[in-house]
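Per the UniProt record's numbering, the very first residue in the sequence shown carries number 1; after that it's consecutive.
Glycine included, each C-beta is placed from N, C-alpha and C at the ideal position.
Just so you know, these numbers come straight off a predicted model, no measurement behind them.
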Amino acid sequence: MVKDTEYYDILGIAPEATAPEIKKAYRRKAMQTHPDKHPDDPEASAKFQAVGEAYQVLSDPDLRKRYDEFGKDDAVPQQGFEDAGEFFTTMFGGDGFKDWIGEFSLLKELTEAQKQEQEQEQAQENAEASGETGVELHNADKAAATAAAQNKKMSKEQRQKLLEAEQKRREEMMQQVDELAKKLGDRIDKYVLAEKAGHLDEFARKLDQEIEDLKLESFGLELLYLIARVYKTKANNFIISKKTFGFSRVFTGTRDNARTVKSAYNLLSTGLDAQKSIEEMSKVNPDDLDQYERAKFESMMAGKALGVMWAMSKFELERKLKEVCNKILNDKNVSKRDRIAKAKAMLYIADKFSHAKRSPEEAEEARVFEELILGAQEKQNKKHRL
């Protein structure tokens with residue numbers, strides 16, 4: 001018996017709902033109440049916020065327990081409720097994938113770069129407004145001299161910041177690799193123990209339940225397939241190399257390098273295609289378009305940007321996951337037999353991930369959900385630019 005059912009009622013679920021059922025209900029209600037779908041409803045934002053608040057409580061086991069026992073007043077997140085719009089626009093996997101893939105550093109770096117750019121623009125505006133150059137020049141010469149001085153100064157600062165950012169990125173990447181290798185190693189150990197004890201069905205049941213949850217995340221199915229591909233490739237290459245006393249590494253290494261080059265080429269092609277499209281679209285004046293055409297135009301522009309971000313994020317993730325697999329499979333402190341067992345566990349997980357499927361209803365929800373994320377993300381970017 002729960003003290004209050006308001007949050008459950010908002011999502012349209014029973015108090016006994018499981019975590020996947022809560023997530024499915026949230027996605028459905030978030031799409032139904034999204035302000036973009038109700039431009040003429042003044043209460044649309046409040047309804048959308050209520051759905052986000054309900055999910056933030058019910059998706060957190062501790063908050064949900066407190067809510068069930070004591071009600072809303074005792075179930076408020078310590079940091080407060082997140083803005084429903086920002087909470088909704090979690091891209092590329094969401095929190096569910098963190099134990100599998102860590103964080104996308106690209107998205108963090110883009111946010112930081114955008115912040116630095118805004119700070120630079122503000123500094124330039126302040127310098128131009130102050131007019132304190134110490135030299136009386138013609139307005140055009142004065143502006144040119146100020147810009148040249150700032151460019152010289154900023155180029156030096158930018159070089160230093162780039163070096164610091166690159167060093168920080170490498171350190172964070174290695175830290176992520178270590179953490180992900182430990183988490184994957186723990187899962188693999190559970191698989192090995194379950195197989196030896198004849199309890200693999202229980203391990204499979206828990207993994208299947210996790211996959212049911214992961215496939216509902218934004219771009220979740222694509223991430224599951226990517227993880228499966230990396231695990232399968234690295235595990236198979238390792239097993240083959242041990243059977244051939246390492247001779248096969250010449251061929252598997254060449255094949256892996258070819259795939260990396262292909263991924264880099266695809267990334268470059270995606271970027272070039274997007275650049276060409278954006279250059280063409282930049283010739284269009286949005287003010288000359290009607291409301292419908294402008295919305296379509298902005299969605300297309302945002303789609304191109306998202307496509308590049310997704311391609312870059314996948315490239316980054318593949319490299320990271322390969323390092324995670326290498327750390328586990330090349331650990332000389334573990335016997336060859338045990339490492340082969342770990343490789344077989346990777347193959348088992350990869351097989352499960354590669355067979356993940358969405359129902360037609362889930363597939364349609366995912367498509368609409370990701371389209372709404374795209375639109376909301378573009379609005380958020382505009383908000384930051386203002």
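How about E6 and K72: do their beta carbons lie closer than 8 Å? Yes, these two residues count as a Cβ contact at 8 Å.
What did DSSP end up calling Q56 once you bin it into helix, strand or coil? Q56: helix per DSSP, three-state reduction.
So, are the CB atoms of G96 and L221 less than 8 Å apart? Not a contact, by the Cβ cut-off of 8 Å.
State buried or exposed for R27, treating a residue as buried only when at least 16 other CB atoms are found within 10 Å of its CB. Residue environment: R27 is assigned as buried (16 or more neighbouring CB atoms within 10 Å of its CB, all protein chains considered).
What would DSSP say about G102, mapped onto helix, strand or coil? In the three-state DSSP reduction, G102 falls in the coil class, being neither helix nor strand.
My assumption, with CB atoms under 8 Å, is that L223 sits in contact with K23. Please give the rounded CB distance. That pair is no contact at about 16 Å.
So L207 and I328 are in contact, right, with Cβ under 8 Å, and what is the actual spacing, rounded? For L207 against I328, the beta-carbon gap comes to about 17 Å, at or over 8 Å, which does not count as contact.
Taking the Cβ atom as the reference point for each residue, do A350 and Y231 lie within a distance shorter than 8 Å? Yes, Cβ-Cβ distance for A350 and Y231 is below 8 Å.
Could you compute how far the alpha carbon of R229 sits from the alpha carbon of E318? The alpha-carbon atoms of R229 and E318 are separated by roughly 9 Å.
When burial is assigned at 16 or more other CB atoms within 10 Å of the CB, is S218 buried or exposed? When all chains shown are included, S218 counts as buried.
Can you look up D74 in the DSSP assignment and give me helix, strand or coil? Helix at D74.
Tell me the rounded alpha-carbon separation between A345 and P20. Going by the C-alpha atoms only, they are around 25 Å apart.
With DSSP run on the structure shown, which of helix, strand or coil describes I10? Helix.
By the three-class DSSP mapping on this structure, what secondary structure does A197 have? The three-state reading of DSSP puts A197 in helix, counting H, G and I together.
Could you pull the start and end residues of the alpha helix (DSSP H) that F353 belongs to? In the DSSP assignment, F353 falls within the alpha helix (DSSP H) that extends over K336 to S354.
Spatial neighbours of I211 within its chain, please: CB distance less than 8 Å, with the 5 preceding and 5 following residues excluded, ordered by chain position. Shown here for I211: same chain residues with a beta carbon closer than 8 Å to its own, the five before and five after excluded, namely L224, K352, F353 and A356 in chain order.
Boundaries of the alpha helix (DSSP H) in which G96 is found, first to last residue: Per DSSP, G96 belongs to no alpha helix (DSSP H) and is neither H nor E.
Hey, how far is the Cα of residue 388 from the Cα of I239? Because the chain spans 1 through 386 in this model, residue 388 falls outside it and cannot be assessed.
Can you tell me whether DSSP reads T18 as helix, strand or coil? Residue state, collapsed to three classes: coil.
Does DSSP classify M1 as helix, strand or coil? In the structure shown, M1 sits in coil (DSSP, three-state: anything other than H, G, I, E or B).
Helix or strand or just coil, what does DSSP make of Q79? Q79 sits in coil when the DSSP states are folded into three classes, being neither helix nor strand.
Mind checking whether the beta-carbon of E202 lies closer than 7 Å to any heavy atom of the ligand GTP? The ligand GTP is absent from the structure shown, which contains no ligands of any kind.
For F70, does the count of other Cβ atoms within 10 angstroms reach 16, so buried, or fall short, so exposed? F70 is classed as exposed because its beta carbon has fewer than 16 other beta carbons within 10 Å across all chains shown.
Between which residues of its own chain and K336 is the CB-CB distance below 8 Å, once the five residues before and five after are set aside? Correct list, in chain order: K242.
Please report the straight-line C-alpha distance between E53 and Q160, rounded to a whole angstrom. The alpha-carbon atoms of E53 and Q160 are separated by roughly 42 Å.
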